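K.L.:
In terms of my numbering, the sequence shown opens at residue 103 and continues consecutively.
Built from N, CA and C at the ideal position, the CB exists for glycine as well.
Remember, predicted model here, so these are calculated numbers, not experimental data.
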Amino acid sequence: MKIKISALLVFAAVIAAVIADPIDTTAAASEDIAELTDFIGTHAGHVKRSDAVAAVVEAAALVFAPHEPLADEAHLIETRNDDSELHASNVLDKRAVTCPKGYGSCKGQGNKCCRLGGSCCKKGCCNKGYWCYSNLCCPNSSNGCEGKSCCPKGSQCCRGGGCCKKGYNCWRTASGRRGCCPKGKTCG
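#1: Tell me the rounded alpha-carbon separation between residue 222 and residue 232.
#2: Using a threshold of 8 Å, state whether the C-beta atoms of residue 251 and residue 269 are closer than that.
#3: Which residues bound the beta strand (DSSP E) around residue 274?
#4: Applying the criterion that 16 or more other CB atoms from any shown protein chain within 10 Å of the CB defines a buried residue, is residue 220 buried or exposed?
#5: Can you tell me the Cα-Cα spacing of residue 275 and residue 214, whole angstroms?
#6: Could you pull the DSSP bridge partners for residue 202 from this structure?
#7: Tell me the rounded alpha-carbon separation between residue 285 and residue 207.
#8: Identify, in the order they occur along the chain, each residue of the same chain with its Cβ nearer than 8 Å to the Cβ of residue 279, setting aside the five sequence neighbours on each side.
#9: Would DSSP call residue 211 helix, strand or coil?
#10: State the Cα-Cα distance for the pair residue 205 and residue 245, rounded to the nearest angstrom.
#11: In terms of residues, what are the limits of the beta strand (DSSP E) holding residue 280?
#12: Alpha carbon to alpha carbon, how far is residue 203 from residue 227?
#13: Any idea what DSSP makes of residue 246, helix, strand or coil?
#14: With a threshold of 7 Å on Cβ separation, who are the neighbours of residue 240 within its own chain once the five nearest residues in sequence on each side are excluded?
#15: Between residue 273 and residue 262, is the Cβ-Cβ spacing less than 8 Å?
#16: Whose C-beta lies closer than 8 Å to the C-beta of residue 225 among residues of the same chain, with five residues either side of it excluded?
#17: Just checking my contact of residue 248 with residue 259 at CB under 8 Å: how many whole Å lie between their CB atoms?
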């Protein structure tokens with residue numbers, strides 16, 4: 103029993119040493135272990151099991167100590183009302199974006215603002231009546247085509263971008279010239 107208690111105390115000392123100075127654990131741990139070994143050797147008959155357990159619990163408390171809340175979190179916890187939703191926005195208010203009149207902030211996009219009624223895109227803003235497509239703003243009445251252009255609904259997307267209206271096919275010459283050719287005709 104005495105050996106188990108001393109082993110627990112040595113374990114507790116090593117944990118405490120690592121926490122006290124994780125960079126210099128060998129020196130701190132060896133000093134603490136030497137102290138504990140001397141203490142156990144001198145007082146082996148006087149150490150109660152409950153004292154040994156208390157020492158291990160105290161050392162474990164150092165390992166698993168809860169963090170101290172940040173100032174913002176502490177304020178948030180103190181001012182929280184149980185009848186409302188989470189108050190995370192209180193912490194975020196300090197970083198909130200202020201947009202000019204007629205503009206709104208883009209959620210999750212840093213401090214970017216776009217016109218109200220428009221769309222926030224990855225690389226800019228599209229006005230009302232347009233939607234974000236690749237690096238473009240396409241009219242709501244169109245489709246995106248090949249990641250390079252906006253084409254009216256019902257038209258044909260051409261390889262490399264561009265489109266041909268209904269009733270026409272995309273064509274390309276050997277030299278790379280492109281265009282739209284009426285269906286049923288040969289263009290060149």
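P.N.:
In short:
#1: 11 Å
#2: Against a cut-off of 8 Å, the Cβ pair of residue 269 and residue 251 comes out as no contact.
#3: 270-274
#4: buried
#5: In a straight line, the C-alpha of residue 275 is about 44 Å away from that of residue 214.
#6: For residue 202, which the question treats as bridged, DSSP gives no partner whatsoever.
#7: 47 Å
#8: none
#9: coil
#10: Here the alpha carbons of residue 245 and residue 205 stand approximately 26 Å from one another.
#11: Segment 280-284, the beta strand (DSSP E) holding residue 280.
#12: Approximately 16 Å, taken between the alpha carbons.
#13: strand
#14: 232, 233, 246 and 252
#15: Going by C-beta atoms, residue 273 is not nearer than 8 Å to residue 262.
#16: 237
#17: 6 Å
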